[in-house]
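To start, the structure under review is shown below, and the notes come after it.
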Amino acid sequence: MSETTSNKVQPAKKANAKKTANGTDSKLFVSPVVSAIFWTISIVLVVAVILGNWYYTSFVAVDEGNLSRLLRVAIVIVGFAVALIVALLTNKGRTLLQFGRQSYTELRKVVWPTRQEAVQTTFIVFVAVCVVSLFLYLCDIVFLQLVRLFTL
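Heads up: the sequence shown is residues 0 to 151, going by numbering that gives the first Met the number 0.
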């Protein structure tokens with residue numbers, strides 16, 4: 000039997016990379032303690048942005064102009080973005096990023112219909128809707144006549 004047709008398992012190319020439960024490299028993940036610290040930082044940032052915005056609008060800004068409103072909104076957006084980035088550094092965040100990359104790869108593999116196929120399918124759906132609506136209209140007319148016949 001030749002070497003190419005045998006059922007032998009080929010050795011892994013990366014002997015140093017450990018696999019986790021979901022089959023990904025363990026170097027992509029951080030320790031649970033670091034992940035918990037990142038979650039804490041992210042939650043504290045979100046709470047600080049919300050409370051800071053509330054405090055500013057309630058007690059500091061008496062007459063808010065357009066520039067100060069724009070600056071306040073920009074600070075809120077940047078605060079939430081930083082909190083999101085910190086959350087993406089956790090194990091769950093890295094898993095989410097990996098899922099997004101895999102989804103994008105699968106999206107590129109999809110064979111999309113041509114314009115002609117899309118138009119033909121749309122026409123078939125339109126005709127089917129017209130036929131069903133005509134049938135329902137005729138059923139309505141028949142039931143209306145039956146009700147008139149038995150009630151009058």
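C-beta atoms are modelled at their ideal positions from N, C-alpha and C, and glycine is treated no differently. Values in this document were obtained by computation on a predicted structure and should not be read as measured data.
In angstroms with no decimal places, state the Cα-to-Cα distance between residue i and residue j.
{"i": "Pro31", "j": "Ile49", "result": "27 Å"}
{"i": "Phe37", "j": "Leu96", "result": "16 Å"}
{"i": "Leu106", "j": "Tyr54", "result": "44 Å"}
{"i": "Phe28", "j": "Phe98", "result": "14 Å"}
{"i": "Ala201", "j": "Glu63", "result": "Residue 201 lies beyond the range of the chain shown here (0 to 151); nothing can be said about it."}
{"i": "Val43", "j": "Leu87", "result": "15 Å"}
{"i": "Ile74", "j": "Ile40", "result": "17 Å"}
{"i": "Gly173", "j": "Thr104", "result": "Here the chain comprises residues numbered 0 to 151, so residue 173 is not present and cannot be evaluated."}
{"i": "Val141", "j": "Thr150", "result": "14 Å"}
{"i": "Leu145", "j": "Thr121", "result": "36 Å"}
{"i": "Ser152", "j": "Asn90", "result": "Since the first residue shown for the chain is 0 and the last is 151, residue 152 is missing from the structure and cannot be characterised."}
{"i": "Glu116", "j": "Val130", "result": "21 Å"}
{"i": "Arg147", "j": "Val118", "result": "43 Å"}
{"i": "Tyr136", "j": "Val126", "result": "15 Å"}
{"i": "Ile76", "j": "Val33", "result": "25 Å"}
{"i": "Asn65", "j": "Thr94", "result": "40 Å"}
{"i": "Val114", "j": "Arg100", "result": "For the record, residue 114 in the displayed sequence is Arg; it is not Val. Distance between the alpha carbons of Arg114 and Arg100 is about 28 Å."}
Quick check on residue i - is its C-beta less than 9 Å from some C-beta in chain C?
{"i": "Phe125", "result": "Going by chain labels, chain C is absent from the structure shown, which holds only one protein chain."}
By Cβ distance, which residues of its chain are closer than 6 Å to residue i, with the 5 residues on each side in sequence left out?
{"i": "Val45", "result": "Ala82"}
{"i": "Ala60", "result": "none"}
In chain order, what residues of the same chain have a beta carbon less than 7 Å from the beta carbon of residue i, not counting five sequence neighbours either side?
{"i": "Gly51", "result": "none"}
{"i": "Phe132", "result": "Residue identity check: residue 132 is Ser in the sequence provided, not Phe. For Ser132, where only same-chain residues beyond five positions count, there are no Cβ hits under 7 Å."}
Give me, in chain order, the residues of the same chain whose beta-carbon lies closer than 8 Å to that of residue i; leave out the 5 immediate sequence neighbours on both sides.
{"i": "Ala20", "result": "Confidence at Ala20 is low in this model, with a pLDDT of 48, below 50, so its placement is unreliable and no value can be given for it."}
Exercise. Indicate whether the contact test is met: 3 or more Cβ pairs, each with one atom in the segment 67-75 and one in the segment 106-122, closer than 8 Å.
Key: no
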